[in-house]
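If you want my numbering, it's the position in the sequence shown, counting the first as 1, plus 817.
Glycine is no exception: its CB is placed at the ideal position from the N, C-alpha and C atoms.
Predicted, not measured: the structure shown is a model, and the values here were computed from it.
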Amino acid sequence: MTTAGIDLISFYTPQYFLDLKTLAEKRGVDYNKFSVGIGQEKMAIPPPDEDIVTMAASAAKPILDQTDPSEIELLLFGTESGVDQSKAAAMFAHGLLKLPTRCRAFELKEACYAGTAALQMAIPWAIRNPGKKALVLASDIARYDLGSPGEPTQGAGAIAMLVSANPRILAIDPESGLYASDVMDFWRPNYRDEAVVDGKYSMRVYIAALEEAWRQYHTLSGHGFADMARFCYHLPFTKMAEKAHARLAKTAGIKDLTPDDLEHQIGESLRYNRITGNTYAASLYEGLCSLLDNCTEDLAEKRLALFSYGSGCMGEFFSGVLQSDYKKHLYSAAHKNFLDNRTELTYQQYEDIFQLGCPTDGGDHTFAQYRTGPYRMKGISQHKRLYEALT
Ligand code: CAA
């Protein structure tokens, strides 16, 4: 049977961050609440000339550098933080990445689930189109009100995945457990830049979605908890994954999950999110990159479990098998390089960037140049976003 899945995967996060020690001090909160209670240390902050499009294009650049663009006939962009009510972020990315006109390109939305929606749409397409590639982008900027409980979970980042038949990294299994339910746990009306959230309720719904999706997945696939070499979760903050995993183990009949088991089964997948914050649609796949980059054990031919969650809400439990040479096709060194070389912001710089907003007056605005990836937004003119490639 032809398999399909992730052929290449690349992650990008902005070059600036706020240390949560700085935020804790400013808000008069014990830092341990952030570092231990929610499991976060830093949050990535995009500068004014970076948005979801430039982040996604920056994530995709290493993939495009080694792929014939004419093979890419499907471009899917999953995001919660779209930049236009009408034009898909996929179109802006299509232009920046110089993809061919023979391409089906559009944007998908269901909060943090949109990246998985895109991946799962791309898989049957890849099986039907052998030799062709789909480019799946997931990119988000997580914003909550200043001083709100959600503030320390903010973050930003993007994932690019090349999806094809006979993939080099992860062949996705056909079975999925699905959970859709009309709830108001986290949402963002069109007139708001910051999400509105019922935090505790959102955590309960996440767990309910996980349990139901797991039961279905287990019944459909016959795979059990012990068949999984590692587990990757949607990561609004790392403690959420720890709570979710403990609950999943219990649901699956594992009575004695120790802290060492927890660390072994999910620890490596949490490293990046701890220092970037929530990347919404990208976060599950940021966790996958974190696992693949940081795991010293060879997981070739082993099965990974993945749980995707988008508020509102949609949950999906699925799995994939790592391919024999997957390690040769990772961008681990590039990820390490930019994560190790980020610039720390002061609290005031963070708040200034937060308050800046995008000009909405229809005038001509040129943006100062900050540290970015290979693409930046150089300005806005007549309500049009203007992007440029730096290399
Ligand atoms: N030392 C150590 N731990 C401490 C502490 C201290 N000094 N002070 C508090 N804590 C612990 C608390 O005991 C608590 O732990 P438990 O949950 O294990 O009890 C934890 O720190 C958090 O403390 P609070 O419950 O008081 O936190 P809060 O009410 O201020 O906010 C939150 C927590 C609700 C998650 C908030 O950050 C939030 O609203 N986040 C956004 C919503 C979110 O991420 N939801 C997740 C599910 S929805 C989803 O996944 C989609 C998405 O991406 C948004």
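Range covered by the beta strand (DSSP E) that runs through residue i
{"i": "residue 929", "result": "Residue 929 -> no beta strand (DSSP E), and no H or E assigned at all."}
{"i": "residue 1049", "result": "1047-1050"}
{"i": "residue 890", "result": "889-895"}
{"i": "residue 1197", "result": "1192-1198"}
{"i": "residue 922", "result": "921-925"}
{"i": "residue 1205", "result": "1201-1206"}
{"i": "residue 1185", "result": "No beta strand (DSSP E) holds residue 1185; DSSP gives it neither H nor E."}
{"i": "residue 994", "result": "994-997"}
{"i": "residue 824", "result": "821-829"}
{"i": "residue 988", "result": "987-989"}
{"i": "residue 859", "result": "859-861"}
Status (buried if at least 16 other CB within 10 Å, exposed otherwise) for residue i
{"i": "residue 1126", "result": "buried"}
{"i": "residue 970", "result": "buried"}
{"i": "residue 1152", "result": "buried"}
{"i": "residue 856", "result": "buried"}
{"i": "residue 877", "result": "buried"}
{"i": "residue 985", "result": "buried"}
{"i": "residue 1047", "result": "buried"}
{"i": "residue 842", "result": "exposed"}
{"i": "residue 978", "result": "buried"}
Residue i, enclosing alpha helix (DSSP H) - first and last residue
{"i": "residue 909", "result": "906-913"}
{"i": "residue 870", "result": "869-881"}
{"i": "residue 1057", "result": "1055-1068"}
{"i": "residue 1092", "result": "1085-1093"}
{"i": "residue 1170", "result": "1164-1173"}
{"i": "residue 980", "result": "Unbroken run through residue 980 is the beta strand (DSSP E), 972-982; no alpha helix (DSSP H)."}
{"i": "residue 1029", "result": "1016-1038"}
{"i": "residue 918", "result": "No alpha helix (DSSP H) holds residue 918; DSSP gives it neither H nor E."}
{"i": "residue 838", "result": "837-844"}
Contact under 8 Å by Cβ, residue i with residue j
{"i": "residue 1136", "j": "residue 1123", "result": "yes"}
{"i": "residue 932", "j": "residue 1043", "result": "no"}
{"i": "residue 1083", "j": "residue 1058", "result": "yes"}
{"i": "residue 1049", "j": "residue 826", "result": "no"}
{"i": "residue 859", "j": "residue 881", "result": "no"}
{"i": "residue 927", "j": "residue 1129", "result": "yes"}
{"i": "residue 1119", "j": "residue 1139", "result": "yes"}
{"i": "residue 832", "j": "residue 1202", "result": "no"}
{"i": "residue 987", "j": "residue 822", "result": "yes"}
{"i": "residue 1069", "j": "residue 1041", "result": "yes"}
{"i": "residue 1186", "j": "residue 1193", "result": "yes"}
{"i": "residue 1007", "j": "residue 820", "result": "no"}
{"i": "residue 1168", "j": "residue 963", "result": "yes"}
{"i": "residue 974", "j": "residue 1052", "result": "no"}
{"i": "residue 869", "j": "residue 958", "result": "yes"}
{"i": "residue 1121", "j": "residue 1020", "result": "no"}
{"i": "residue 861", "j": "residue 896", "result": "no"}
{"i": "residue 916", "j": "residue 940", "result": "no"}
{"i": "residue 899", "j": "residue 907", "result": "no"}
Distance cut-off 7 Å: residue i Cβ against heavy atoms of the ligand ADP
{"i": "residue 964", "result": "Although the ligand ADP was asked about, the structure shown includes only the ligand CAA as ligands."}
* Touching or not, the segment 841-853 and the segment 908-919, by the rule of three or more beta carbon pairs under 8 Å? -> Taking a cut-off of 8 Å on C-beta distances, the segment 841-853 does not touch the segment 908-919, as fewer than three cross pairs fall below it.
* Does the pairing of the segment 1106-1121 with the segment 1062-1077 give three or more beta-carbon distances under 8 Å? -> No, the segment 1106-1121 does not touch the segment 1062-1077.
* Asked: Do the segment 953-967 and the segment 1004-1012 touch if we need at least three Cβ pairs shorter than 8 Å?
  -> Yes, since at least three Cβ pairs between the segment 953-967 and the segment 1004-1012 fall closer than 8 Å, the two stretches touch.
* So, do the segment 1014-1025 and the segment 1161-1168 have three or more beta carbon pairs nearer to each other than 8 Å? -> Three or more Cβ pairs closer than 8 Å define a contact, and the segment 1014-1025 falls short of that threshold against the segment 1161-1168.
* Run through the segment 927-962 for me and flag every whole beta strand (DSSP E) of 3 or more residues, listed as ranges in chain order. => Secondary structure within the segment 927-962: the beta strand (DSSP E) runs of 3 or more consecutive residues, fully enclosed, are 950-959 (chain order).
* Check whether the segment 947-954 touches the segment 869-884, counting contact only when three or more Cβ pairs, one atom from each stretch, lie closer than 8 Å. => In this structure the segment 947-954 touches the segment 869-884; the number of beta carbon pairs closer than 8 Å is three or more.
* Asked: Should the segment 919-927 be regarded as contacting the segment 998-1009, the criterion being three or more beta carbon pairs within less than 8 Å?
  -> As far as the Cβ criterion goes, the segment 919-927 does not touch the segment 998-1009, which means the pair count is below three.
* **Segments assigned alpha helix (DSSP H), at least 4 residues, entirely inside the segment 1080-1158** => Positions of the alpha helix (DSSP H) runs, each at least 4 residues long and wholly inside the segment 1080-1158, are given as 1085-1093, 1100-1111, 1149-1157 in order along the chain.
* Asked: Does the segment 986-997 come close enough to the segment 1028-1042 to have 3 or more Cβ pairs within less than 8 Å?
  -> Touching, per the Cβ criterion.
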